[in-house]
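What follows is a set of notes on a single structure, which appears directly below.
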Amino acid sequence: MIRYARWIFATLAWVFVAAIVFQVFLIGLGLFSDPSYQQTHRDFGFTGVGLASLALLISAIVARPGRRLLGLVVLLFVLYIVQSSLPGMKTSYPIVAALHPVNALLLFGIAFYVARVATVLARANALSPVGTSSQPGTPT
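Numbering-wise, the sequence shown is residues 12 to 151 according to my numbering.
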């Protein structure tokens, strides 16, 4: 079971990376093409990226990838919450709200790292014989 959970975790990690890339594309369309895409960027951020971050967190808990990787996934979830809160500070704290694209870069970097490590973990687990684990002390 853990073998499949780790593949699902790795897949969802890449889905989260793709969602961030799509978010950047949407805001690019909103800035350089049609301003209505800014609303699409906002909506997709709250729904698509939000659901992807929640699914990633749940899959990481089930996949038991180790404390460090799970901690990074929790950090991603917290950074997503911060990310969705920053634009609301535009009028009261514009300097803080301006951290929105910087936080997006941080989200992307950590998400990309998590996806790479999750893929390595899933592949290593797939190569281990049934009934054994690629990490000591981790049940399969």
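All C-beta atoms in this analysis are idealised placements derived from N, C-alpha and C, irrespective of residue type, glycine included. None of these values were measured; they are calculated from a predicted model.
Option nearest residue i by Cα separation, candidates the options
i           : options           : result
residue 90  : 46, 138, 134, 31  : 31
residue 130 : 74, 95, 52        : 74
residue 61  : 27, 123, 128, 135 : 27
residue 127 : 102, 76, 97       : 76
residue 24  : 137, 120, 138, 41 : 120
residue 118 : 92, 105, 138, 102 : 92
residue 96  : 47, 53, 137       : 53
residue 85  : 103, 63, 104, 102 : 63
Three-state secondary structure (DSSP) of residue i
i           : result
residue 39  : helix
residue 12  : coil
residue 110 : coil
residue 99  : helix
residue 54  : helix
residue 77  : coil
residue 46  : coil
residue 104 : coil
residue 145 : In this prediction, residue 145 scores a pLDDT of 49, lower than 50, which makes its location untrustworthy; no coordinate-derived value is stated.
residue 64  : helix
Distance CB(residue i)-CB(residue j) smaller than 7 Å
i           : j           : result
residue 70  : residue 19  : yes
residue 21  : residue 133 : yes
residue 88  : residue 68  : yes
residue 83  : residue 125 : yes
residue 100 : residue 109 : no
residue 58  : residue 37  : no
residue 49  : residue 39  : no
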